[in-house]
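Visitor: Attaching a single structure in structure tokens format; questions to follow.
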Amino acid sequence: MHASADLPTISQRELIGQPVEMLDTPCLVVDEEVLQANIQALQTFISGLGLKLRPHAKSHKCPDLAKHQLAAGAVGICCQKVSEAEAFAAQGIGDILIANEVVGSAKLQRLVRLHRRCIDLNGQLIVCVDSLEAAARMNQALEQAADDQGVAKAKSIAIAPLSIYLEINVGQNRCGIAPGRAAADLAKAIEEQMPRLCLIGLQAYHGAAQHMRTLEQRAAVVEEVCNKVRQTLQAFEAQGLKRPEVISGGGSGSVGLDARTGLFTELQAGSYVFMDVDYMRNQWDCTIDLNFSQSLFVLTTVMSQTSSDRAVVDAGLKALSVDSGLPELKDAPGLIYEKANDEHGLIQCRHSEHDPALEPESLLGKKLWLIPGHCDPTVNLYDELVVVRKGQVVNTWPVLARGRLF
Ligand SMILES: Cc1ncc(COP(=O)(O)O)c(C=O)c1O
């Protein structure tokens, strides 16, 4: 099998300069002006408090977009997987936190190579650890790499120590060592036994807090998170350990609160660049929360309409993630995305609420804008993000880290 030169590629790059209506569908579109406003809003807020923003790049998986966040003032990015981070390092981004645990010899070998690459890029790789066993295996992989290079151990560290954050379980009950004494004991053991690891921070991320609907609920969880961090810092002090330089965490739903606690030094929000239906269901309080707007859409076409109360679009499960709920239609009153099949989306048409411009018989071939239910897994379905400004295609950005799950 070989590529056929006479068949078009699936990139829509050749449409740069054309109106968005020319795009083939389903395709993933980002409104550049809204995106930039979201990037600036969070950066200005975080910088204004003297804190650091390290946005989570798993939301967009796109080095071109990350470069805009870095240009605005972000200190680096977060990734969730080693192979995801590799895609960003390959594009010259060298300051990366893998905000997650890394276990297994294949991954650890990649991690060591990535650590070296980040140093070459004048950056740093940081990774989360939550157990002594995992730390020991990581330390061992770094030792092994040094030995393989023929570097005498006594001369030590041809490879600089790898920076780590100790992840503490702040109530999400996912990864993370228990806060307080257990965390301090682990930190002490790492300091004493793992010369190739250097603990520089604590990760205190609470995912469930992000999607709690009211500010009061989110504030209560942030308070709980802070208590757990304080407890851990006290235990560090009691053990005679240095206070970690970095306290990292927070997401798009809680960042307004996290940043004002006086405890976090680094914020990890990710979805704020795009937003989605689920995030828009939060009740935002403009006195505390930031006013992020929807920038991400799936453009879809009505491919069939055989009855006046139903239309079918070409974006179904393979074009949209529905784990957090179905997409919503933008600027299409009376149309409701009702059900997703593999390649079909069923749209209910409520005539009484119809915009006259959207009469049922006029829907065939019409392009509709969908707001994804959940941005991160939706982006992971696409090879490229089409960038639009004022109704024109202005760029395409490859989603280079999509599918990078190792
Ligand atoms: C460790 C970590 N940090 C930050 C984030 C970013 O959260 P959000 O995309 O809700 O801003 C996530 C998202 O799941 C995460 O797992």
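Counting in the numbering used here, the sequence shown runs from 1498 upward without gaps.
The C-beta atom is built at its ideal place from N, Cα and C for all residues, glycine as well.
Computed from a predicted model, the values in this text were never measured in an experiment.
(1) Given a cut-off of 7 Å on the beta-carbon distance, is the pair Leu1796 and Leu1532 in contact?
(2) Compute the beta-carbon to beta-carbon distance between Ser1751 and Arg1807, rounded to the nearest angstrom, for a pair I have assumed lies under 8 Å.
(3) Using 8 Å for Cβ pairs, my map puts Asp1755 next to Gly1767. What's the rounded Cβ distance?
(4) Using only CA atoms, which one of Gly1862, Gly1870, Ser1859 and Lys1863 lies nearest to Glu1835?
(5) Can you list, in chain order, the residues of its chain with a C-beta nearer than 6 Å to that of Arg1899? Leave out the 5 residues immediately preceding and following it.
(6) What residue from Leu1826, Pro1516, His1565 and Ile1595 has the CA that sits closest to Trp1894's CA?
(7) Comparing C-alpha positions only, which one of Val1890, Phe1903 and Leu1902 sits nearest to Gln1509?
(8) Apart from the five residues just before and just after Gln1588, which ones in its own chain have a Cβ nearer than 6 Å to its Cβ?
(9) Can you look up Cys1783 in the DSSP assignment and give me helix, strand or coil?
(10) Quick check on Ala1903: does DSSP put it in helix, strand or coil?
(11) Could you pull the start and end residues of the alpha helix (DSSP H) that Lys1604 belongs to?
(12) Can you find the residues in the same chain that come closer than 6 Å, C-beta to C-beta, to Gln1791, ignoring five residues on each side of it along the sequence?
(13) State the CB to CB distance for the pair Leu1914 and Phe1761, rounded to an integer number of angstroms; the pair is presumed to be in contact (CB under 8 Å).
(14) If you reduce the DSSP assignment to three classes, tell me which class Asp1627 lands in.
(15) Write down the C-beta distance between Gln1765 and Tyr1702 rounded to the nearest angstrom, noting that I regard them as a contact closer than 8 Å.
(16) Confirm, please, whether the CB-CB distance from Asn1666 to Cys1625 is below 7 Å.
(17) For Cys1783, count neighbouring C-beta atoms within 10 Å of its own C-beta (all shown protein chains included) and say buried if the count is 16 or more, exposed if not.
(18) Determine the closest residue to Gly1704 out of Ser1749, Arg1678 and Ala1675, with distance taken between C-alpha atoms.
(19) Please state if the CB of Ser1628 and the CB of Gly1698 are separated by a distance shorter than 7 Å.
(20) What residue range is occupied by the uninterrupted beta strand (DSSP E) comprising Pro1895?
(21) Tell me whether the beta-carbon of Gly1570 lies closer than 7 Å to the beta-carbon of Ser1602.
(22) Ligand 1 and Gly1704: does the residue's C-beta get closer than 6 Å to at least one heavy atom of that ligand?
(23) Identify every residue that forms a DSSP beta bridge with Glu1825.
(24) According to the Cβ coordinates, are Ala1837 and Gly1813 closer than 7 Å?
(25) Check Ser1660 in the structure and name its three-state DSSP category.
(26) Taking C-beta to C-beta, are Ala1684 and Leu1696 nearer than 7 Å?
(27) Based on Cα-Cα distance, which residue from Pro1676, Gln1736 and Glu1713 lies nearest to Asn1724?
Guide: Let's see:
(1) no
(2) 40 Å between Cβ atoms; not a contact.
(3) About 13 Å; that fails the 8 Å criterion.
(4) Gly1870
(5) Lys1558 and Asn1877
(6) His1565
(7) Val1890
(8) Pro1560
(9) coil
(10) It is worth fixing the name first, because residue 1903 is Phe in this sequence and not Ala. In this structure, Phe1903 counts as coil in the three-state DSSP scheme.
(11) Ser1602 to Asp1617
(12) Met1772 and Ile1868
(13) This structure leaves residue 1914 out entirely; the chain is present only between 1498 and 1903.
(14) coil
(15) 6 Å
(16) no
(17) exposed
(18) Ser1749
(19) no
(20) Gln1889 to Pro1895
(21) no
(22) yes
(23) Ile1868
(24) yes
(25) strand
(26) yes
(27) Pro1676
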